[in-house]
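Number of protein chains: 4
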Amino acid sequence: MTLITIEQVNELTRERLPFTKPYAFNVLQLKHGEAKVAMPANEEILRPGGTIAGPAMMALADYAIYVAVMSAIGPVEMAVTTNLNVNFLHRPPPGELVAWAKLLKLGKRLAIASVDITARNEDSLVAHATGTYSIPPTREIQSNG
Amino acid sequence: MTLITIEQVNELTRERLPFTKPYAFNVLQLKHGEAKVAMPANEEILRPGGTIAGPAMMALADYAIYVAVMSAIGPVEMAVTTNLNVNFLHRPPPGELVAWAKLLKLGKRLAIASVDITARNEDSLVAHATGTYSIPPTREIQSNG
Amino acid sequence: MTLITIEQVNELTRERLPFTKPYAFNVLQLKHGEAKVAMPANEEILRPGGTIAGPAMMALADYAIYVAVMSAIGPVEMAVTTNLNVNFLHRPPPGELVAWAKLLKLGKRLAIASVDITARNEDSLVAHATGTYSIPPTREIQSNG
Amino acid sequence: MTLITIEQVNELTRERLPFTKPYAFNVLQLKHGEAKVAMPANEEILRPGGTIAGPAMMALADYAIYVAVMSAIGPVEMAVTTNLNVNFLHRPPPGELVAWAKLLKLGKRLAIASVDITARNEDSLVAHATGTYSIPPTREIQSNG
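Chains as they are written, first to last, in the numbering used here: chain U, 983 to 1127; chain V, 983 to 1127; chain S, 983 to 1127; chain Z, 983 to 1127.
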């Protein structure tokens, strides 16, 4: 069972992560330790030639991991990325992308996740990422937030 | 000697990389295989609590590598990132950041670079990245562009 | 269909990769773009306290990717790793480990793979890796080998 | 000032890290947060064609980071690698390699380092790595060891 609802994620994102606004992330699905997040194509993230800018995919991967972490430990504002490694596999078409983040490990101090990014409704990967989040020691308190 | 001028980088960025606009990247210095790029703090990349959003730092690292690649091979529109690995070290203060990208290898097909990111006028690192760019086979032609 | 047999992998490994001998790698299964490789525990790779040394897991991941690449393009001696990123998740017990490598991308110049490492007959991951191999331009000739 | 001597590193390596024996690592220099480690060429790590096997370089990078961590926090047996990312740049000649590890961050829970690997007495890089170690919470006690 997820420890945060899509509504809670949306609210926390709106209030605490204003820099994600241009990406218009849309949480599609939440399970314990898993999150599926869509990113619509829009002018701000398109490259000429009709593909999605790499940094937008990195932002998507990072956000999807963050949501997956919260699905497993509850709302935690202060979790921070310590490492993100992204392999770009194929140029995506200029449409919506979907990231599927899964926790590979949830420790007391670190959460490690993998992320598969595909074009929506397609199977073939456009990018694969792994990321590490540092979990604040006081998360029990914060997760009441 | 750099094979691209700051003016050329700025023009190419404006015309071909419109998604970088919110970051207002500012190339400070260019040498053959090296680029120093500043990113001013602004509303769009700040996190509440007063630090810079991780994805903005990833975008900065990626862009600085791209500029360093062009300093060594000339203007190349189609070079693409194949891998980016970022370690976030310290939360930066909410001010300007500077990325210093250096090519570690420039092969016919791959360029690999490291990037140090610091707060402006400070020495201590806020992030360290390494990235790989795939260089198009026809770059000789394109580099006349 | 795999383009190399387990026997061919074993022979090539014995002849061309003598440094892998201490690991006693054992290819369990091959499909096109996928390889399952076991590494038995032995004195040479154990750490006191009863766990497997990290570098042995890195060697296993690297080898499994190499075999997966050959399953898709045939025997290629000169393919070389350009990047390997490993996340260590849990200390493995002091027994046999199994790596399952899958190509995420097979381009003309680069192959990118992910690797899941588990203890044999267990599901939970002990490590996750991604790796990039550079494929030699003359592979058509070599793959006759 | 380093918090561990070369003699202490050698003793700890011999007693606690027997799997490193084939590599014959040789600590050349120690400063607070920095370590220079040599790895002689030998039959066990050579590839046919006369280059050093990638996994041996990964083992060298990992070990050099471990020594750099101990130079800054004292002898700590239980520090473990959580992430290692290696970029292979040029095929090294079949001779001695030197790794120079420097801590980029030393936190309470994580140490992050970069490693430059060159052929001995040469400047050009053969590999660049970054690694993360998790530092045990009880290190104050262990560092008396």
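No residue lacks a Cβ here, since even glycine has one placed at the ideal position from N, Cα and C.
List the residues of chain V whose Cβ lies closer than 7 angstroms to the Cβ of residue i, in chain order.
i, result
"N1065(S)", "N1065, T1114"
If you draw a straight line from the alpha carbon of residue i to that of residue j, how long is it in whole angstroms?
i, j, result
"M1040(V)", "A1101(V)", "15 angstroms"
"L1042(V)", "G1077(S)", "44 angstroms"
"D1044(U)", "L1066(U)", "7 angstroms"
"P1000(Z)", "V1108(S)", "21 angstroms"
"I1055(S)", "L985(S)", "6 angstroms"
"I1027(Z)", "Y1048(Z)", "21 angstroms"
"K1035(V)", "T1033(S)", "The amino acid at residue 1035(V) is misidentified as Lys; the sequence shows Ala. So the two alpha carbons sit approximately 38 angstroms from each other."
"P1074(S)", "G1015(V)", "42 angstroms"
"T1002(Z)", "L994(Z)", "11 angstroms"
"L1012(Z)", "A1095(V)", "27 angstroms"
"E1059(Z)", "A1050(Z)", "13 angstroms"
"H1072(V)", "G1089(U)", "21 angstroms"
"R1091(S)", "T1112(V)", "20 angstroms"
"H1110(V)", "N1024(S)", "37 angstroms"
"I1099(V)", "K1087(V)", "19 angstroms"
"P1119(S)", "P1004(Z)", "34 angstroms"
"K1031(V)", "P1022(S)", "Checking the sequence, you will find Gly at residue 1031(V) rather than Lys. Rounded to the nearest angstrom, the two C-alpha atoms are 50 angstroms apart."
"N992(Z)", "M983(S)", "49 angstroms"
"D1105(U)", "A1083(U)", "15 angstroms"
"T1064(U)", "T1064(S)", "23 angstroms"
For a contact meaning CB atoms closer than 9 angstroms, what does residue i contact in chain S?
i, result
"L1028(Z)", "P1000, F1001"
Going along chain S in order, which residues have a C-beta closer than 7 angstroms to the C-beta of residue i?
i, result
"I948(U)", "There is no way to answer for residue 948(U), as the model of chain U reaches only from 983 to 1127."
Note down, in chain order, every chain Z residue with its Cβ under 7 angstroms from the Cβ of residue i.
i, result
"A1035(S)", "F1001"
Under 9 angstroms Cβ-Cβ, which residues of chain U neighbour residue i?
i, result
"R1091(Z)", "R1091, L1092, S1116, P1119"
Give me the DSSP bridge partner(s) of residue i.
i, result
"Q990(V)", "Beta-bridge pairing links Q990(V) to no other residue."
"I1034(Z)", "L1028(Z)"
"K1013(Z)", "E1016(Z)"
"A1043(Z)", "DSSP output for A1043(Z) lists no bridge partner at all."
"N1008(V)", "A1020(V)"
"T1112(V)", "N1067(V), S1096(V)"
"V1080(S)", "A1020(S), T1100(S)"
"V1062(S)", "S1116(S)"
"L1107(Z)", "T1100(Z)"
"K1087(V)", "I1094(V)"
Residues of chain V with CB closer than 8 angstroms to the CB of residue i, please, in chain order.
i, result
"P1004(U)", "P1004, E1026"
Run down chain U in chain order and give the residues with a C-beta less than 8 angstroms from the C-beta of residue i.
i, result
"D1044(V)", "G1036, P1037, M1040"
"L1107(S)", "L1086, K1087"
"H1110(S)", "L1086, I1094, S1096, T1112"
Out of the options, state which residue places its alpha-carbon closest to the alpha-carbon of residue i.
i, options, result
"S1053(V)", "V1009(V), P1037(V), M1021(V)", "V1009(V)"
"A1093(S)", "G1031(S), I1117(S), K1003(S)", "I1117(S)"
"L1085(S)", "N1069(U), R1091(U), W1082(U), L1086(U)", "N1069(U)"
"I988(U)", "E997(U), A1017(U), Y1115(U), T1002(U)", "A1017(U)"
"E997(V)", "E1104(U), R1029(U), P1119(U)", "R1029(U)"
"L1079(S)", "V991(S), V1062(S), M983(S), A1006(S)", "A1006(S)"
"V1062(Z)", "N992(S), P1037(S), T1063(S)", "P1037(S)"
"N1103(U)", "N992(U), A1081(U), A1046(U)", "A1081(U)"
"V1097(U)", "N992(U), P1057(U), A1020(U)", "A1020(U)"
"Q990(S)", "P1057(S), S1106(S), A1046(S), T1064(S)", "P1057(S)"
"Y1115(S)", "D1105(S), S1106(S), A1046(S)", "A1046(S)"
Practice task
Can you give me, in chain order, the residues of the region 1050-1077 of chain Z that have a beta carbon less than 7 angstroms from any beta carbon in chain V?
Solution key: N1067, N1069, L1071, H1072
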